[in-house]
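Input: a single structure, listed below in structure tokens.
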Amino acid sequence: MEIRIDKDELMKAVARVQSIIEKRSNMPILSMILLSAQEASIQISATDLEISLQQRIPAEVAQPGSVTISGRKLFEILKESKHPSIYIKEKENNWVFISDERAKYNLAALSAEEYPVFVEPEDVPMAQIDGELLGEMINKTIYSVTLEEAGFKLSGIFTEKVVREGKTYLRMVSTDGHRLSLIDKEVKDIEKIKLDGGVM
Numbered sequence: 007m008e009i010r011i012d013k014d015e016l017m018k019a020v021a022r023v024q025s026i027i028e029k030r031s032n033m034p035i036l037s038m039i040l041l042s043a044q045e046a047s048i049q050i051s052a053t054d055l056e057i058s059l060q061q062r063i064p065a066e067v068a069q070p071g072s073v074t075i076s077g078r079k080l081f082e083i084l085k086e087s088k089h090p091s092i093y094i095k096e097k098e099n100n101w102v103f104i105s106d107e108r109a110k111y112n113l114a115a116l117s118a119e120e121y122p123v124f125v126e127p128e129d130v131p132m133a134q135i136d137g138e139l140l141g142e143m144i145n146k147t148i149y150s151v152t153l154e155e156a157g158f159k160l161s162g163i164f165t166e167k168v169v170r171e172g173k174t175y176l177r178m179v180s181t182d183g184h185r186l187s188l189i190d191k192e193v194k195d196i197e198k199i200k201l202d203g204g205v206m
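Each residue of the sequence shown is one higher than the last, beginning at 7 in the numbering used here.
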């Protein structure tokens, strides 16, 4: 794999996965991110085996391929760099060379074949929801989610689809046993999603 990519775009993508990659794990691969270069873009994947994130950003791809590198170390390199673009090349024996033309780094990597397989949902209805709207709904309900391990059933946000007066709403509800948060927002295109029974 050999690519040149806009530093700011890559940094935004790598910043998004920081909360997903494991800090302390008996599986070192979970602290890594998978970079897969094809044609004129690169796919960045991360998982902690409960939450998975895949995102694609444009890149100049000289050599297609895949490699896994430390998400935390890559993020630190990108934060320090003042150059507008980053060069990444896979080397022999699971090493990755990274350069911004001022500094050069060699990072140890793991084989891309070792990375957990992403299961793509097949024939599952999907809908596009505005990110700001979803973020607002989560922000207005997350504060009343319990943080206690004993309250496992209350440690999430219950989400369901509600049809009222011919309009379809996305509802989020959370509680910690003392406080209750509920928010309904009209969302287009979720009619086809099967959320009638709700999901936690």
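Glycine included, each C-beta is placed from N, C-alpha and C at the ideal position.
Looking at the DSSP output, Thr165 bridges to Met178, Val205. The stretch 27-115 is shown to contain whole beta strand (DSSP E) runs of 3 or more residues at 38-44, 47-53, 58-64, 66-69, 71-76, 91-97, 101-105, 110-114, in chain order. The three-state reading of DSSP puts Arg10 in strand, counting E and B together. Take the alpha-carbon of Ser87 and the one of Asp106: they are about 7 Å apart. Boundaries of the alpha helix (DSSP H) around Lys146: 137-147. The beta carbons of Ile27 and Ser37 sit about 5 Å from each other, so the pair counts as a contact at 8 Å. Assignment of Leu186 by DSSP, reduced to helix, strand and coil, places it in the strand class. Taking the Cα positions, Tyr121 is about 12 Å away from Ser42. At the C-beta level, Glu142 and Gly204 stay beyond 8 Å of one another. Bridge pairing for Lys173: Arg170 [DSSP]. Cβ-Cβ distances below 8 Å link Asn99 to nothing in the same chain once the five nearest sequence neighbours on each side are left out. Counting only residues of its own chain and dropping the five nearest sequence neighbours on each side, Gly77 has a CB closer than 8 Å to the CB of Val20, Val23, Gln24, Ile27, Ser37, Met38, Ile39, Ala52. Setting aside the 5 residues that flank it on each side, Lys13 is surrounded in the same chain by Leu84, Ser87, His89, Pro90, Ser91, Ile92, Asp106, each with a C-beta closer than 8 Å to its C-beta; the list follows chain order. Only residues of its own chain outside the window of five on either side were considered, and among them Ser150 have a CB closer than 6 Å to the CB of Arg185, listed in chain order. Rounded to whole angstroms, the Cβ separation of Thr74 and Leu116 is 5 Å, and the two are in contact under 8 Å.
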